[in-house]
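S.K.: Just so you know, the protein sequences line up as chains A and B, in that order. Okay, so the first sequence: first residue is 1 according to my numbering, each after it adds one. Okay, so the second sequence: first residue is 1001 according to my numbering, each after it adds one. Backbone N, C-alpha and C define an ideal beta-carbon position, used for all residues, glycine too. Here it is: the structure, laid out below.
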Amino acid sequence: MKAAAWILNFGSGHVAAVGARQQVHLMYDPQVVDVPATPHHCSQVVFFGAHCVPVFDFARWLVDHHSAEDRHYLGLYAFTSGVDAATHYGALWMASPPKRIEVDDSMATALPENPAGRWQQVARSCFEEGGAPVPILDLRRLFSGDI
Amino acid sequence: MWAVLQFGSTWVAVDQREAPAVESRDDLIESRAPALGSIRFAGADRPVFALDAQLVPQRAISPESRACAILRHESELFGLLCDDIAILSALEAAEFDLPPAMRLADTPIHSLVRINDQQLAVRSSARALAQRLGVGSSDQRSSPPAEADALALPSAGEAA
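This is how it looks when you write it as structure tokens:
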């Protein structure tokens, strides 16, 4: 089975994918607002229309320190909640614009083992692209507050 | 109506009924920890505290602090130093839930309040701020007197 996806580059060699239809908007150096007393990896929001959208610094969450690379691209993604089936939004910092590709079942591979246990928390499956594993993000889980 | 307190780059909105007065920082009488000092209000000395822009309790007074908001938590009144205070009508602002991914277990933030295109305040309460500051905790209520060591009795062996 074939499906379209976006490969997201978080910098420092960390990449992941989301479904093609999950990407709603892409911004370059948008105005974000810092929120105090929040986790280091999710301490900003961006306003998108009438929505207040949490901004997730995925590279920082993955390796627990600042990425050496500047990340100017902010992708806005939609996902549904299991509780109310409503559409929710989350934003992710990236080092470069997302790359669109076609994925099929023959590309499936195991999730990366490092950093230990991290990918298993936020991805359910993975495919290989250019010789490297690309985990498919579970956005609902990523923005749930349970990780 | 909300009272909006400024701590550096952070604005914190509380229900105005929980902030019955504003005093000048110049009226602060500095003293020992855990409070930074006290301020006279409604016939009694009220402990005064401070927060930084990350809402972390501070042991030193910021030179930017110009005002002291008096906050009411249950029957207790306490002071909170801040850079500035504004009054905002709830009707002028849009309020959003704090996204789940941004919630820490001990967060004092109830929601986010967009004041205008450029400005965001976090909505909190006197209760949540009091908990964060340790207002009413046992070490704040009953600091031992400085003379406590001088009053210590010798142990049984030493007395013999």
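State the beta-bridge partners of B/Phe1041 as determined by DSSP.
M.R.: Working through the second sequence from its first residue, we reach residue 1041 of chain B at position 41. Answer by DSSP bridge pairing, in chain order: B/Ala1044.
S.K.: Between the C-alpha atoms of B/Ala1130 and A/Met1, what's the straight-line distance to the nearest angstrom?
M.R.: Here residue 1130 of chain B refers to the residue found at position 130 when the second sequence is read from its first residue. Here residue 1 of chain A refers to the residue found at position 1 when the first sequence is read from its first residue. Cα-Cα distance, rounded: 56 angstroms.
S.K.: Within the same chain, show all residues whose beta-carbon is closer than 8 angstroms to that of B/Ser1038, passing over the 5 residues directly before and after it, in chain order.
M.R.: Numbered from its first residue, the second sequence carries residue 1038 of chain B at position 38. Around B/Ser1038: Leu1028, Ile1029, Ser1031, Asp1045, Arg1046, Pro1047, Val1048 and Gly1079.
S.K.: Anyone know if the C-beta pair for A/Ala59 and A/Phe127 falls short of 8 angstroms?
M.R.: As a position in the first sequence, residue 59 of chain A is number 59, starting the count at 1. As a position in the first sequence, residue 127 of chain A is number 127, starting the count at 1. Contact: no.
S.K.: Assuming B/Asp1015 contacts B/Ser1125 (C-beta within less than 8 angstroms), just tell me the rounded distance between them.
M.R.: As a first step, residue 1015 of chain B is located in the second sequence; it is residue number 15 there, counting from the start. As a first step, residue 1125 of chain B is located in the second sequence; it is residue number 125 there, counting from the start. Contact flag correct, Cβ pair sits at about 7 angstroms.
S.K.: Could you list the residues in the region 1040-1074 of chain B with a C-beta less than 7 angstroms from some C-beta on chain A, going in chain order?
M.R.: Those would be Ala1053, Gln1054 and Leu1055, in chain order.
S.K.: Residues in its own chain within less than 7 angstroms of A/Val87 by CB, not counting five upstream and five downstream?
M.R.: Locating residue 87 of chain A in the first sequence gives position 87, where the first residue counts as 1. Checking the displayed sequence, the identity of residue 87 of chain A turns out to be Thr instead of Val. Hits under 7 angstroms: Ala78 and Thr80.
S.K.: Check whether the region 1007-1023 of chain B and the region 1064-1082 of chain B touch, using three or more Cβ-Cβ pairs below 8 angstroms as the test.
M.R.: yes
S.K.: So which residues on chain B does A/Phe56 lean against when the C-beta distance must stay under 9 angstroms?
M.R.: As a position in the first sequence, residue 56 of chain A is number 56, starting the count at 1. The contacting residues are Ala1101.
S.K.: For A/Asp29, would you say it is in contact with chain B, using Cβ-to-Cβ distances shorter than 8 angstroms as the test?
M.R.: The count along the first sequence starts at 1 and reaches residue 29 of chain A at position 29. Contact of A/Asp29 with chain B is not assigned, every C-beta pair being separated by 8 angstroms or more.
S.K.: Could you tell me whether the Cβ atoms of A/Leu111 and A/Gln121 are closer together than 8 angstroms?
M.R.: What you label residue 111 of chain A is simply residue 111 of the first sequence in a count that begins at 1. What you label residue 121 of chain A is simply residue 121 of the first sequence in a count that begins at 1. Taking 8 angstroms as the Cβ cut-off, A/Leu111 and A/Gln121 do not qualify as a contacting pair.
S.K.: Select from B/Pro1108, B/Leu1036 and B/Asp1097 the residue whose C-alpha is nearest the C-alpha of A/Val53.
M.R.: Locating residue 53 of chain A in the first sequence gives position 53, where the first residue counts as 1. A/Val53 has its Cα closest to that of B/Asp1097, out of B/Pro1108, B/Leu1036 and B/Asp1097.
S.K.: Strictly under 8 angstroms for the Cβ-Cβ distance: is A/Leu8 near chain B by that measure?
M.R.: Here residue 8 of chain A corresponds to residue number 8 of the first sequence, with the count starting at 1. Answer no: the Cβ-Cβ gap between A/Leu8 and chain B never drops below 8 angstroms.
S.K.: Report the CB separation of B/Ile1115 from B/Met1001 in whole angstroms; it is logged as a contact under 8 angstroms.
M.R.: By one-based count along the second sequence, residue 1115 of chain B stands at place 115. By one-based count along the second sequence, residue 1001 of chain B stands at place 1. Not quite, the Cβ-Cβ distance comes to about 13 angstroms (not below 8 angstroms), so this is no contact.
S.K.: With contact counted as at least three CB pairs below 8 angstroms, one residue from each stretch, are the region 1048-1062 of chain B and the region 1007-1014 of chain B in contact?
M.R.: Counting Cβ pairs under 8 angstroms, three or more are found: they touch.
S.K.: Which residues bound the alpha helix (DSSP H) around A/Gln44?
M.R.: On the first sequence, residue 44 of chain A is found 44 positions in, with the first residue counted as 1. Looking at the DSSP string, A/Gln44 is not in any alpha helix (DSSP H); the run it does join, the beta strand (DSSP E), is Gln44 to Phe48.
S.K.: What does A/Thr38 reach in chain B if we use C-beta pairs closer than 7 angstroms?
M.R.: Counting from 1 along the first sequence, the entry for residue 38 of chain A is found at position 38. Within 7 angstroms Cβ-Cβ: Met1102 and Leu1104.
S.K.: Using a Cβ cut-off of 8 angstroms, pull out every chain B residue sitting near A/Asp138, in sequence order please.
M.R.: Reading the first sequence from its first residue, position 138 is the one you call residue 138 of chain A. Neighbours of A/Asp138 on chain B: none; closest Cβ ~13 angstroms, over 8 angstroms.
S.K.: On the criterion of 16 or more Cβ atoms from any shown chain inside 10 Å, does B/Asp1083 qualify as buried, or is it exposed?
M.R.: Along the second sequence, read from residue 1 onward, the residue named residue 1083 of chain B stands at position 83. B/Asp1083 is buried by the Cβ-count criterion.
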